[in-house]
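Chains as they are written, first to last, in full-length UniProt numbering: chain A, 1 to 840; chain B, 1 to 128. First comes the structure, then the notes that go with it.
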Amino acid sequence: MNGFGNKKCEYLYLMSFHIQRMPAPIRLRELIRTIRTARTQAEEREMIQKECAAIRSSFREEDNTYRCRNVAKLLYMHMLGYPAHFGQLECLKLIASQKFTDKRIGYLGAMLLLDERQDVHLLMTNCIKNDLNHSTQFVQGLALCTLGCMGSSEMCRDLAGEVEKLLKTSNSYLRKKAALCAVHVIRKVPELMEMFLPATKNLLNEKNHGVLHTSVVLLTEMCERSPDMLAHFRKLVPQLVRILKNLIMSGYSPEHDVSGISDPFLQVRILRLLRILGRNDDDSSEAMNDILAQVATNTETSKNVGNAILYETVLTIMDIKSESGLRVLAINILGRFLLNNDKNIRYVALTSLLKTVQTDHNAVQRHRSTIVDCLKDLDVSIKRRAMELSFALVNGNNIRGMMKELLYFLDSCEPEFKADFCLNFLITTVIIANTCFHCYVFLGVTAGSYVRDDAVPNLIQLITNSVEMHAYTVQRLYKAILGDYSQQPLVQVAAWCIGEYGDLLVSGQCEEEEPIQVTEDEVLDILESVLISNMSTSVTRGYALTAIMKLSTRFTCTVNRIKKVVSIYGSSIDVELQQRAVEYNALFKKYDHMRSALLERMPVMEKVTTNGPTEIVQTNGETEPAPLETKPPPSGPQPTSQANDLLDLLGGNDITPVIPTAPTSKPASAGGELLDLLGDINLTGAPATAPTPAPVPQISQPSFLLDGLSSQPLFNDIASGIPSITAYSKNGLKIEFTFERSNTNPSVTVITIQASNSTELDMTDFVFQAAVPKTFQLQLLSPSSSIVPAFNTGTITQVIKVLNPQKQQLRMRIKLTYNHKGSAMQDLAEVNNFPPQSWQ
Amino acid sequence: MIKFFLMVNKQGQTRLSKYYEHVDINKRTLLETEVIKSCLSRSNEQCSFIEYKDFKLIYRQYAALFIVVGVNDTENEMAIYEFIHNFVEVLDEYFSRVVIMNYRNVEMTPESIILLFFYLRLMGTKYN
């Protein structure tokens, strides 16, 4: 018993000793298994924290044997998203160790945990330097890898020499790593690029694909960063072409084969480099033509690999100065892609076509039907691209067919598309213009609530300007809101139109469609129900009330009804509505003699700042300088509520009183116009563009604007004796100002500018803009044209009206933009030589 | 240029992640969950390229694992698509435990994790 007890004691003693000592840290494999068993996030976090604690204490003990294992675990936990910064110094210790396994983990840890932000990383520099010169290539490789991953600019500067040396070595394993490291060094310290230049001489002579690939990456990086390098490396084009050719023509090589194609990654890389080298350079492009054609025709397209190469080829062809046959080939390839079943390929094809549609419009047109089919695809990205592309392809010929498809698409597409769709639609149809007005109105009906805020004023302006369509428009809109007035933008537009053209509606004048029989009462019913409806917003109600008011001059039998409606709203809770109603009431009672003039038909609107229709304004721009405005045009000078620094000309957009005149634009390159206008479209929704509130502040108008109400001639005849001046004369462009003063209003000066061109080439797209100091007000009317013919054979005339109530000295700053001899010109000038009679 | 490389399973757990540009650690998890959400919500008929913020995501599904690569605009999407497949084939060849067609987890030996990182480093830089 005793002996047995002794043994037991001994055993227990040994056991206890065993327990007191720290157990060896678990291996990474175990850790991963343990973490896998965790069923909830909390459980996982707990395990990780426990392990982190163990690791931390192990680090404190400075345990050399297990450091490597601990850091590996730490890296894994870091990858899962847990903080691991306490391991940074340990990584350094590992790097400094002599064992390869330690170094390996140490460098890996350095790459993952350390970056420039940590000061600790600089301590690595010396280690890396030593390891770069190590006898074992794998250690050198590790060092290169790490430097290429997270080297800071100081480190790179210190070690660039070593890297460059390794770039010239014959060991291909090291060479490829050195090339990648060099890429990183160049990115961090671009000045060191020249240092690597001599080493690049022989890079492309390698047989090893790894080295070739990384060399091409290095060359690409250098070419992208420095145009000098680009010029220098152009001479490599023949060599690159040769390499590419070998890749294509060579037989099966098991090392590099991917689905039957030899090293497609290298091929893609080379194609990309060729693209960069051939851009804007005829000779290089010519050298590449053959190989590109060869790649395009010989590559197998059954697998994704082949298609990837073809895609890259197409991108290259489009970018360099290739001959037209090649370009057509490229577009045909894209067309073929579109027919492919694989959606990835279709996506890629649509993206590329979008990029090329401006330049090769006709070629892309041929694939229009396929593109339109893509509108019906299930994938969102594909649909979006197909939509953009379809809009780019719309032109005068195909618009009807296209619009039908597009409208069908609108019905079925996701809501987030609809806003973009409508915007695109607006712009496209506007550019293609009047003939498609039917479609346009149709859109208004169907797209309803998805139309954006600034679309309403745009639409209204469009409608105003298409004079011959008024009857048709108002009829369509009336029918549209008959049953349903929930879509606010639609109702707003409809209300406005009915207010304006109600008489056309009632008299049934529509030619385009079967005219409907509507009585005045029915029209008023609709408008009243809009007013009453709960679904109408305050803005919509405002539109409706104003429309009713306008009808009082257009309708004959229902004026009393209108009066009654208006007076009811004089006590509306809605302040806006109440104000309007009260003022309209006043109009009926005290100013009835002015009512018909005030509520006259809106004149054609001049150019609005939000770049709306251009063609349309053009046709009507020349009309009436006299009755100035019965109401101020929506984009006209608003009473000084906008505080603008008038001396600061910013493209005319921020300055309300200045109306830049519409540049003529052509429908031809629809794609390009689209993009330009899209860029401009996000402008000032400001009061400047809303037509409807205009009638309200009638009574408080500055006298300037009510001048038009009196039927006297506004201005003196020309012989007033004010001398004209030459405001600007430079580069062959001369602008003269002639002056007239108003009879009725001594504060108004009318300046007529005449622009002439004495050079031998016409100046096109001529735009004249002007700004005046704050105390003045300015109004620019439309110019006679936008082309100043050469040799002084003709002039552009434009009228400026200046209101100068304080009789201050007139000063003006002008901005001229035009195209001359193929380049865009712009000039700013100040005009100070106004004769005193023009402003005193 | 490749921005990041992720292997995420269907439950949203990250199996492997490599970022080629510095991203804060808490932002990483956020990024990963969002990315996997957009990948999971795609059906089979939809294409493998997604636009996400200012990246393009190219993803491929292997059984329960998604491999997602985030790139910027200049990259050839289809080449990356091939690259992903190439990567998986290499994994398959090198680590015999990985069976592409029906596997549940990516089993990592410690050596394999490390080598994986290095491989990614090299391949990734080629695409940078």
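All C-beta atoms, glycine included, are put in the ideal place defined by N, C-alpha and C. Computed from a predicted structure; not experimentally measured.
Taking a contact to mean a Cβ-Cβ separation below 8 Å, would you say residue i touches residue j in this structure?
i                      : j                      : result
residue 234 of chain A : residue 197 of chain A : no
residue 136 of chain A : residue 158 of chain A : no
residue 296 of chain A : residue 79 of chain B  : no
residue 230 of chain A : residue 247 of chain A : no
residue 145 of chain A : residue 163 of chain A : no
residue 153 of chain A : residue 121 of chain A : no
residue 48 of chain A  : residue 77 of chain A  : yes
residue 76 of chain B  : residue 357 of chain A : no
residue 554 of chain A : residue 521 of chain A : no
residue 540 of chain A : residue 491 of chain A : yes
residue 99 of chain A  : residue 142 of chain A : no
residue 293 of chain A : residue 328 of chain A : no
Figure out for me which residue from the options has the closest Cα to the Cα of residue i.
i                      : options                       : result
residue 784 of chain A : A/794, A/776 and A/777        : A/794
residue 723 of chain A : A/247, A/734 and A/740        : A/740
residue 38 of chain B  : B/73, B/62 and B/10           : B/10
residue 806 of chain A : A/379, A/101, A/162 and A/839 : A/839
residue 199 of chain A : A/188, A/176, A/789 and A/372 : A/176
residue 728 of chain A : A/517, A/250, A/371 and A/757 : A/757
residue 66 of chain A  : A/325, A/90, A/272 and A/339  : A/90
residue 325 of chain A : A/304, A/360 and A/303        : A/360
residue 55 of chain B  : B/69, B/43, B/87 and B/12     : B/69
residue 527 of chain A : A/214, A/484 and A/514        : A/484
residue 29 of chain A  : A/46, A/74 and A/56           : A/74
residue 101 of chain A : A/72, A/85, A/465 and A/475   : A/72
residue 854 of chain A : A/507, A/797, A/287 and A/529 : With chain A represented from 1 up to 840, any question about residue 854 of chain A goes unanswered, as that position is not in the structure.
residue 842 of chain A : A/367, A/355 and A/322        : Nothing in the structure corresponds to residue 842 of chain A, since chain A is present only between 1 and 840.
residue 62 of chain B  : B/27, B/86, B/18 and B/33     : B/86
Which of the three DSSP states is assigned to residue i in this structure?
i                      : result
residue 544 of chain A : helix
residue 70 of chain B  : strand
residue 609 of chain A : Below a pLDDT of 50, predicted positions are generally treated as unreliable, and residue 609 of chain A, at 42, falls in that range; no measurement from the model is reported.
residue 734 of chain A : strand
residue 492 of chain A : helix
residue 169 of chain A : coil
residue 831 of chain A : strand
residue 706 of chain A : Confidence is the limiting factor: at residue 706 of chain A the pLDDT is only 33, short of 50, which leaves the residue's position unreliable and the question unanswerable from this model.
residue 841 of chain A : Lying before the first or after the last residue shown, residue 841 of chain A is absent from chain A, which here runs from 1 to 840.
residue 91 of chain B  : helix
residue 727 of chain A : strand
residue 102 of chain B : Any reading at residue 102 of chain B must be qualified, since the residue scores a pLDDT of 30, below 50, and its modelled position is unreliable; the value itself is stated next. In the structure shown, residue 102 of chain B sits in coil (DSSP, three-state: anything other than H, G, I, E or B).
residue 84 of chain A  : coil
residue 9 of chain B   : strand
residue 599 of chain A : coil
residue 77 of chain B  : helix
residue 118 of chain A : coil
Which first and last residues belong to the alpha helix (DSSP H) in which residue i is found?
i                      : result
residue 334 of chain A : 324–339
residue 112 of chain A : 100–113
residue 316 of chain A : 304–319
residue 345 of chain A : 343–356
residue 798 of chain A : Unbroken run through residue 798 of chain A is the beta strand (DSSP E), 796–803; no alpha helix (DSSP H).
residue 34 of chain A  : 28–37
residue 584 of chain A : 575–589
residue 756 of chain A : Looking at the DSSP string, residue 756 of chain A is not in any alpha helix (DSSP H); the run it does join, the beta strand (DSSP E), is 748–757.
residue 556 of chain A : Run containing residue 556 of chain A: none; DSSP gives neither H nor E here.
residue 15 of chain B  : From DSSP, residue 15 of chain B is part of no alpha helix (DSSP H) but of the beta strand (DSSP E) over 14–19.
residue 841 of chain A : With chain A running from 1 to 840 in the structure shown, residue 841 of chain A is simply not present.
residue 408 of chain A : 399–412
Go to residue i, then tell me how far its beta strand (DSSP E) extends in each direction, as first and last residue.
i                      : result
residue 818 of chain A : 812–820
residue 219 of chain A : Element bounds for residue 219 of chain A: not the beta strand (DSSP E) but the alpha helix (DSSP H), 209–225.
residue 765 of chain A : 763–771
residue 793 of chain A : Neither: residue 793 of chain A is in no beta strand (DSSP E) and is coded neither H nor E.
Worksheet item: Closer than 8 Å, Cβ to any Cβ of chain B: which residues of the region 377–403 of chain A, in chain order?
Response: 378, 379, 380, 381 and 382
Worksheet item: When you check each C-beta in the region 42–58 of chain A against every C-beta of chain B, which residues fall closer than 8 Å?
Response: none
Discussion item. If the cut-off is 7 Å on Cβ atoms, which residues from the region 80–99 of chain A count as contacting chain B, listed in chain order?
Written reply: 80, 81 and 83
Item to complete: Would you list, in chain order, the members of the region 298–329 of chain A that have their beta-carbon closer than 7 Å to a beta-carbon of chain B?
Response: 304, 305, 307, 308, 311 and 312
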